[in-house]
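Engineer: Residue numbers (the working numbering), protein chains in the order written: chain A, 64 to 280; chain B, 837 to 974. Take this structure, written in structure tokens, and hold onto it; I'll ask about it next.
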């Protein structure tokens, strides 16, 4: 397996993907959250519609206030673009569970649903291009020699292990609020204590389990 | 730069870059992953740690603002479950996608597991935990 990238190329690649995303969108890259939102697309669509309606209503209220002011020659009470507290609060409510109680930073709305679906599809495409160009693409019904030696060579057991492992990954990442990209790259990159803790714990658990698989089981 | 179209393009670029990089580093290769987690081969570990260092430096230089994040009761148990699942299935939420893209068809089962797990967590949280989740990707 010598045709994988050297460590520094991988580091630059992962860093560029994360930094570019954050600088262009102002958001954090997170794959488990993208999964979560795509899977709950009905609720997400409803929320986006409510959000759009809210913005429309606010625009209407602003227009009415301006018209009234013009009519009576007074100034509108509060210039609305700066109405940050109400704005942040409303987004907090619509945005479901966010961590900002009295956050100093106004909460940015989550990336639109369609962009999160595009993220997952693009990961597939990127992975496919990488596999094909490196000559590694091969349709197969196993998970490779490493899995066969370390975990199981029984196809039925393999299916069970992969499914249970996947459930743990899905459940765990959502419970912890992030995965290796959200907590590991974006969160640790921002030196968020919660992300550093989560990364240390999930890495520690993976090390423990991997040693068990390698040495014991 | 935060319009819908710009965010869409940024997500497509990030997805392509992430999928391409993750696959070329070898995160989809179960043997490589086990060698990383058992410290037999530090290459992938250094790739990940190196990326974090670069991100920390660039974010500090550019002045990317911090997002508040609370350490709630779900963080540690969730991370334990995730780490264990990653070690046995070889998949974090992005990796099985690249595994399928590389031809490892059983990774579809991992994806099915992840989907089940996410739905299970949503259900369990609404019914039992009542935690503030959400931090990743906001």
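Glycine is no exception: its CB is placed at the ideal position from the N, C-alpha and C atoms. Everything numeric in this text was worked out from a predicted model, so none of it was measured.
How close, in whole Å, do the beta carbons of residue 930(B) and residue 854(B) come, if the pair is a contact with beta carbons under 8 Å?
Structural biologist: Contact holds; Cβ gap of about 6 Å.
Engineer: Starting from residue 852(B), find everything on chain A with Cβ-Cβ shorter than 7 Å and list it in chain order.
Structural biologist: Within chain A, the residues near residue 852(B) are 185, 188, 189.
Engineer: Among the residues of its own chain, which have a CB less than 6 Å from the CB of residue 258(A), if the five just before and after it don't count?
Structural biologist: Closer than 6 Å at Cβ, skipping near neighbours: 246, 250, 251.
Engineer: Run through DSSP, which three-state label would residue 902(B) get?
Structural biologist: Coil, per DSSP.
Engineer: Starting from residue 120(A), find everything on chain B with Cβ-Cβ shorter than 9 Å and list it in chain order.
Structural biologist: Near residue 120(A) there are no residues of chain B at all, since even the closest Cβ is about 20 Å away, more than 9 Å.
Engineer: Does DSSP classify residue 84(A) as helix, strand or coil?
Structural biologist: Here residue 84(A) sits in helix by DSSP.
Engineer: I need the straight-line Cα distance from residue 261(A) to residue 126(A), nearest angstrom please.
Structural biologist: The straight-line gap from Cα to Cα measures roughly 46 Å.
Engineer: Excluding the five sequence neighbours on either side, which residues of its own chain have a C-beta within less than 6 Å of the C-beta of residue 864(B), listed in chain order?
Structural biologist: Here the set comprises 931, 934, 935, 938.
Engineer: Ignoring anything shorter than 4 residues or poking outside the region 204 to 245 of chain A, list the alpha helix (DSSP H) runs there in chain order.
Structural biologist: Counting whole runs of 4 or more residues, the region 204 to 245 of chain A contains the alpha helix (DSSP H) stretches 208 to 213, 218 to 239.
Engineer: Is it the case that the Cβ atoms of residue 846(B) and residue 88(A) are separated by a distance below 8 Å?
Structural biologist: Contact flag set, yes.
Engineer: Work out the CA separation of residue 82(A) and residue 894(B) for me, nearest whole Å.
Structural biologist: Going from the Cα of residue 894(B) to the Cα of residue 82(A) covers about 8 Å.
Engineer: Could you list which residues in chain B have their beta carbon closer than 9 Å to that of residue 68(A), in chain order?
Structural biologist: Correct list: 857, 860, 861, 862, 879, 883.
Engineer: If you measure between the beta carbons of residue 273(A) and residue 918(B), is that distance less than 8 Å?
Structural biologist: No, the Cβ-Cβ distance between residue 273(A) and residue 918(B) is not below 8 Å.
Engineer: Using 10 angstroms around the beta-carbon of residue 196(A), count the other beta-carbons present and answer buried if the total reaches 16, otherwise exposed.
Structural biologist: Answer is exposed; the Cβ neighbour count stays below 16.
Engineer: The alpha helix (DSSP H) that contains residue 66(A), what's its start and end?
Structural biologist: Segment: none, residue 66(A) is in no alpha helix (DSSP H) and carries neither H nor E.
Engineer: Would you grab the beta carbon distance between residue 172(A) and residue 114(A) for me? Rounded to a whole angstrom, and I think it's under 8 Å.
Structural biologist: 7 Å between Cβ atoms; contact.
Engineer: Quick one: using the 10 Å Cβ neighbour count with 16 as the cut-off for buried, is residue 264(A) buried or exposed?
Structural biologist: The residue is buried, with at least 16 neighbouring Cβ atoms inside 10 Å.
Engineer: Is the shortest distance between the beta-carbon of residue 839(B) and the beta-carbons of chain A less than 8 Å?
Structural biologist: No, no contact with chain A.
Engineer: Which whole-angstrom value is the C-beta distance of residue 248(A) and residue 92(A), which I expect to be below 8 Å?
Structural biologist: Their Cβ separation, rounded to whole angstroms, is 7 Å, which keeps residue 248(A) and residue 92(A) in contact under 8 Å.
Engineer: Against chain B, with Cβ distances strictly below 8 Å, would residue 174(A) count as a contact?
Structural biologist: Yes, because at least one Cβ of chain B sits closer than 8 Å to the Cβ of residue 174(A).
Engineer: Would you mind listing the alpha helix (DSSP H) stretches within the region 85 to 143 of chain A that are 4+ residues and don't spill past its ends, in chain order?
Structural biologist: Counting whole runs of 4 or more residues, the region 85 to 143 of chain A contains the alpha helix (DSSP H) stretches 94 to 102, 104 to 135.
Engineer: Taking the C-alpha atoms as reference points, what is the distance between residue 879(B) and residue 180(A)?
Structural biologist: Going from the Cα of residue 879(B) to the Cα of residue 180(A) covers about 31 Å.
Engineer: For the alpha helix (DSSP H) holding residue 875(B), just list the boundary residues, first then last.
Structural biologist: First-last for residue 875(B): undefined, no H or E at that position.
Engineer: Do you know offhand how far residue 101(A)'s Cα is from residue 901(B)'s?
Structural biologist: So the alpha carbons of these two residues sit roughly 27 Å apart.
Engineer: Which two residues bound the contiguous alpha helix (DSSP H) that contains residue 938(B)?
Structural biologist: Where residue 938(B) is concerned, there is no enclosing alpha helix (DSSP H), given that its DSSP letter is neither H nor E.
Engineer: Can you tell me whether DSSP reads residue 913(B) as helix, strand or coil?
Structural biologist: Here residue 913(B) sits in helix by DSSP.
Engineer: Taking the CB atoms as reference points, tell me whether residue 214(A) and residue 950(B) lie closer together than 8 Å.
Structural biologist: No.
Engineer: Please confirm whether residue 953(B) and residue 229(A) have their CB atoms less than 8 Å apart.
Structural biologist: The answer is yes: Cβ separation under 8 Å.
Engineer: Residue 933(B) by DSSP, collapsed to three states: which one?
Structural biologist: Three-state result, residue 933(B): helix.
Engineer: Determine the DSSP secondary structure at residue 201(A), reduced to helix, strand or coil.
Structural biologist: Coil.
Engineer: Do you know how far the Cα of residue 928(B) is from the Cα of residue 922(B)?
Structural biologist: Taking the straight line joining both Cα atoms gives about 6 Å.
Engineer: If you follow the alpha helix (DSSP H) that residue 859(B) is part of, which residue opens it and which one closes it?
Structural biologist: Unbroken alpha helix (DSSP H) run through residue 859(B): 840 to 861.
Engineer: Could you check what DSSP says for residue 928(B) in three-state terms: helix, strand or coil?
Structural biologist: Reduced to three states, the DSSP call for residue 928(B) is coil.
Engineer: Use the C-beta contact count for residue 70(A): other C-beta atoms within 10 angstroms, 16 or more gives buried, fewer gives exposed.
Structural biologist: Buried, because 16 or more other Cβ atoms sit within 10 Å of the Cβ of residue 70(A).
Engineer: Between residue 944(B) and the rest of its own chain, which residues show a CB-CB distance below 7 Å, the 5 nearest in sequence each way excluded?
Structural biologist: So the list reads 936, once near-sequence residues are dropped.
Engineer: Give the interface partners of residue 959(B) over in chain A, defined as CB-CB distance under 8 Å, in chain order.
Structural biologist: Those within 8 Å of residue 959(B) in chain A number zero; the least Cβ separation is about 10 Å.
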